[in-house]
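In the working numbering, the protein residues as written are 11 to 566.
Just so you know, even glycine gets a beta-carbon here, dropped at the ideal spot from N, CA and C.
Bear in mind that the values here come from a model prediction, so they are computed numbers and not experimental data.
What follows is the structure, given as structure tokens:
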């Protein structure tokens, strides 16, 4: 229960009735969803990102807001210097953010933990029994802060400030917005913010994604590899990898101050051990120094976030039990960094084969609708892999038996839906940061594999020339193939270049927008930062947002 220092003015009931009749006629019909939504107006604050400096001080840095234990809770995490221990959350029912009156706020004190990193990124953290010290005297100490609140009221707006007397961070959010019974999320991955200039590309992508999703955005799903693990040689400004997390969050704070930011663990995260644990306050089902896994419900949808860095019996057993508990959910969505079914070169690695063998039969048995993938910096979308089918097999002969190549379709309001596909779709969305591919007029836009065409070994079949289609992992080849899959649409990143904010040379990045109602699921993929070539001149349109591909499912 939130306290309010101002006592409500109580008008006598008779007077209220008379005034009501004279002014409005006292229409007692319930407000529509649009009327309820208009009650609040959370305004994006003015903000100028700092691309020039790394490090932390006494003020909150790397602030992240999450669903701590479901959507009626929020977790907050941030970093400060080693001497700032205060971990305070002030919360009031208001949509004013920094302009809210916090004099009567609910105050919650969280926890702080001193972490020591050496220059190579190894960590020793008090309170984490498995953390390891490096013995390197060239080290930096930071304080990790966490605080959470539960039992929030549906449809209410809250303003918060977090930090300590040394400095506060402000924001606001609405708990489960009243909006035509729909759920909206942005899906991004693989920003791999490495040095300072690359944060410019990342910010531009998330800004376009949030604006495309619109005012009904509920959450951001970040699918791993927020930063690159390799230190920039000779760059003394950023020797400590945890600072890259902080900087990646800091430069987009005006696009994430009001939405939950739910992340998976990418393969680059373990280079900064416990980075997933330290940068998010979530009631994890399980975690280790490489990553974490958890789940949460949003009305009729169930979301699962897996840790593909550690595929062990504990996580597999938890996944089965978790999906059993969510059996009545209208939609089941899984987010995992390493892709089971993808067109990237990573697909030839043993770790991908292990993930296919361990996870996909569970997705089939438990009727998962959509698996959001990352890791490969390419785009692909599979046909639905039939539920209750064998799933993975070492033989190429039977793969067609588990793929529904021709799901029934139905057109509703000019949208063509796959109707009751009874299978799991796997979608890999391209990178959102400095390792984005450029968009060429004769490449990524022009070539899309038609439904039913086969791509061998999750790489292009011989229909494609291997010297034309490239991604950031190198030229796609036909070697070490272990499986044959049916892919409904395909592309790969090309002409690997990094972005430079000084010149505007940034390449096309991708993001997805997920929208669900009780009967429909839509996942639409967009590109930004389109590269064009005209009269020998190369230009990058930083304002471009282009719809690339769509997936629309109808359960009727």
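query: Going straight from the alpha carbon of residue 264 to that of residue 54, what length do you get?
result: Computed Cα separation, rounded: 6 Å.
Cβ neighbour criterion (16 or more within 10 Å) applied to residue 566: Exposed.
query: Can you give the Cα-Cα distance for residue 84 and residue 158, rounded to whole angstroms?
result: Computed Cα separation, rounded: 6 Å.
- request: Buried or exposed for residue 198, please, with buried defined as at least 16 other CB atoms from any protein chain shown within 10 angstroms of its CB.
  value: Residue burial annotation: residue 198 is buried, with at least 16 other C-beta atoms found within 10 angstroms of its C-beta.
query: So residue 116 is in the beta strand (DSSP E); what residue range does that whole segment cover?
result: Boundaries of the beta strand (DSSP E) around residue 116: 116-119.
query: Just the Cα atoms here: how many angstroms apart are residue 555 and residue 215?
result: So the alpha carbons of these two residues sit roughly 9 Å apart.
Contacts around residue 139, its chain only, beta-carbon distance under 7 Å, and the 5 residues preceding and following it disregarded: Low confidence applies here, because residue 139 scores a pLDDT of 32, under 50, leaving its location unreliable and the question unanswered by this model.
message: Taking the straight line between their C-alpha atoms, what separation do you get for residue 393 and residue 93?
response: CA-to-CA, the gap between residue 393 and residue 93 works out to about 54 Å.
- request: Answer yes if the segment 97-116 comes into contact with the segment 171-182, meaning at least three C-beta pairs across the two stretches below 8 Å, and no otherwise.
  value: Result yes; three or more Cβ-Cβ pairs closer than 8 Å.
- prompt: Thinking C-beta only, is residue 260 closer than 8 Å to residue 65?
  reply: No, the pair does not count as a contact, with Cβ atoms beyond the cut-off.
- request: Count the CB pairs spanning the segment 305-324 and the segment 364-380 that are closer than 8 Å, and state whether there are at least three.
  value: Yes: the two stretches touch, three or more of their Cβ pairs being nearer than 8 Å.
field: Close beta carbons around residue 277, own chain, < 8 Å, minus the five adjacent residues each side
entry: Within the same chain, Cβ atoms closer than 8 Å to the Cβ of residue 277 are found at 234, 235, 318, 319, 347, 348, 385, the five residues on either side in sequence being excluded.
task: Have a look at residue 359 and residue 383 and give me their C-alpha separation to the nearest angstrom.
output: Here the C-alpha atom of residue 359 lies approximately 16 Å from the C-alpha atom of residue 383.
message: Please classify residue 279 as buried or exposed, where buried requires at least 16 neighbouring CB atoms within 10 angstroms.
response: By the 16-neighbour rule on beta-carbons within 10 angstroms, residue 279 is buried.
- prompt: Helix, strand or coil: which one does DSSP assign to residue 472?
  reply: The predicted position of residue 472 is uncertain, since its pLDDT is 25 and thus under 50; a value taken from the coordinates is nonetheless stated next. In the structure shown, residue 472 sits in coil (DSSP, three-state: anything other than H, G, I, E or B).
message: Need the endpoints of the alpha helix (DSSP H) that residue 367 sits in, please.
response: Under the DSSP assignment, residue 367 falls in the alpha helix (DSSP H) whose first and last residues are 360-375.
query: Going by DSSP, which residues form a beta bridge with residue 345?
result: Residue 345 pairs with 315, 382.
Where residue 57 falls, given that 16 or more other Cβ within 10 Å makes a residue buried: Exposed.
message: Distance check for residue 255 and residue 177, CA to CA, integer angstroms please.
response: Residue 177 and residue 255: Cα-Cα distance of roughly 20 Å.
message: Per DSSP, what are the beta-bridge partners of residue 537 in this structure?
response: For residue 537, DSSP records a beta bridge to 520, 556.
Strand pairing of residue 83, partner residues [DSSP]: DSSP, once it has assigned bridges, lists no residue as partnering residue 83.
field: residue 356 to residue 340 span [Cα, whole Å]
entry: Annotation: residue 356 to residue 340 spans about 32 Å, alpha carbon to alpha carbon.
task: Going by DSSP, name the residue or residues bridged to residue 284.
output: Under DSSP, residue 284 takes part in no beta bridge, so it has no partner.
- request: Counting only the same chain and skipping the five closest in sequence on each side, list residues whose C-beta sits under 7 Å from that of residue 289.
  value: Excluding sequence neighbours, residue 289 sits near 72, 74, 87, 255.
field: Buried or exposed (CB count within 10 angstroms, at least 16 for buried), residue 113
entry: Label assigned to residue 113: exposed.
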